[in-house]
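Residue numbers for the sequence shown follow the numbering used here, beginning at 1 and rising by one.
What follows is a single structure, written as structure tokens, with notes after it.
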Amino acid sequence: MGEGTVAPARVAPVRPRRVRPPAATATVTLTVNGRPVEATVEVRKTLADFLREDLGLTGTHLGCEHGVCGACTVLLDGAPVRSCLLFAVQGAGHTVTTVEALSTGETLHPLQEAFRRHHGLQCGFCTPGILMSAYALLRDHPHPTDAQVLETLGGHLCRCTGYQGIVDAVLAAAGTAAAGTVGAEPPTG
1 MGEGTVAPAR VAPVRPRRVR PPAATATVTL TVNGRPVEAT VEVRKTLADF
51 LREDLGLTGT HLGCEHGVCG ACTVLLDGAP VRSCLLFAVQ GAGHTVTTVE
101 ALSTGETLHP LQEAFRRHHG LQCGFCTPGI LMSAYALLRD HPHPTDAQVL
151 ETLGGHLCRC TGYQGIVDAV LAAAGTAAAG TVGAEPPTG
């Protein structure tokens, strides 16, 4: 090429756009808060996202989405699980209980009332997950020791309370367990 001429620009070859195939779906049937549910979901959708987005149960919070903070804790067949770590399809055939099942209308569950009375919450973001774990603890151990409460709460992060109000609330709710008001199956409906 001579002086003053410009070399032709090199143009990168055009790559064909990748067309993302439609996400695989599956139909799941499960029981959520006492009600049968059947839905078609993407197989990659988490149980937490299914509860929040598909069923409108926004009491289950998403914090870390890695199973560390405990905000997304629900009961699966009565056992506390991190719903951000499970796919919705893994809930098929199971019973899921969320924090919405604890209260009835305007009436707080005794455990929720104990949290209110003993200042077991501040911002409230972590509270639903903590309530579900505490509920399972009191159902299985109506009169837990301080150590059992602390062990249960060990899987939950709360940046606001310093935990003492939460521990006090769980222990106070345990005092109502003798009357059968805590630890019975949550109301459904």
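Glycine residues also receive a C-beta, built at the ideal position from the N, C-alpha and C atoms.
Beta-carbon gap between residue i and residue j smaller than 7 Å
{"i": "ALA24", "j": "VAL37", "result": "no"}
{"i": "HIS94", "j": "ASP168", "result": "no"}
{"i": "THR60", "j": "CYS72", "result": "yes"}
{"i": "THR27", "j": "THR40", "result": "yes"}
{"i": "GLY129", "j": "HIS109", "result": "no"}
{"i": "GLY120", "j": "GLY165", "result": "yes"}
{"i": "ALA88", "j": "LEU55", "result": "no"}
{"i": "PRO80", "j": "ALA136", "result": "yes"}
First through last residue of the beta strand (DSSP E) which encompasses residue i
{"i": "ARG35", "result": "35–42"}
{"i": "ALA79", "result": "79–82"}
{"i": "THR97", "result": "95–97"}
DSSP-derived helix/strand/coil call for residue i
{"i": "THR73", "result": "strand"}
{"i": "THR127", "result": "helix"}
{"i": "LEU30", "result": "strand"}
{"i": "THR46", "result": "strand"}
{"i": "THR161", "result": "coil"}
{"i": "THR107", "result": "strand"}
{"i": "THR25", "result": "strand"}
Through-space distance from residue j to residue i, alpha-carbon basis
{"i": "ARG35", "j": "ARG15", "result": "49 Å"}
{"i": "GLU100", "j": "LEU75", "result": "12 Å"}
{"i": "PRO8", "j": "ARG20", "result": "35 Å"}
{"i": "CYS64", "j": "GLU106", "result": "30 Å"}
{"i": "THR152", "j": "LEU62", "result": "19 Å"}
{"i": "THR58", "j": "ARG52", "result": "5 Å"}
{"i": "THR98", "j": "MET132", "result": "7 Å"}
Boundaries (first-last residue) of the alpha helix (DSSP H) holding residue i
{"i": "LEU150", "result": "146–153"}
{"i": "LEU111", "result": "110–117"}
Contact test: residue i Cβ vs the ligand MN heavy atom, cutoff 6 Å
{"i": "HIS109", "result": "The ligand MN is not part of the structure shown, which contains no ligands of any sort."}
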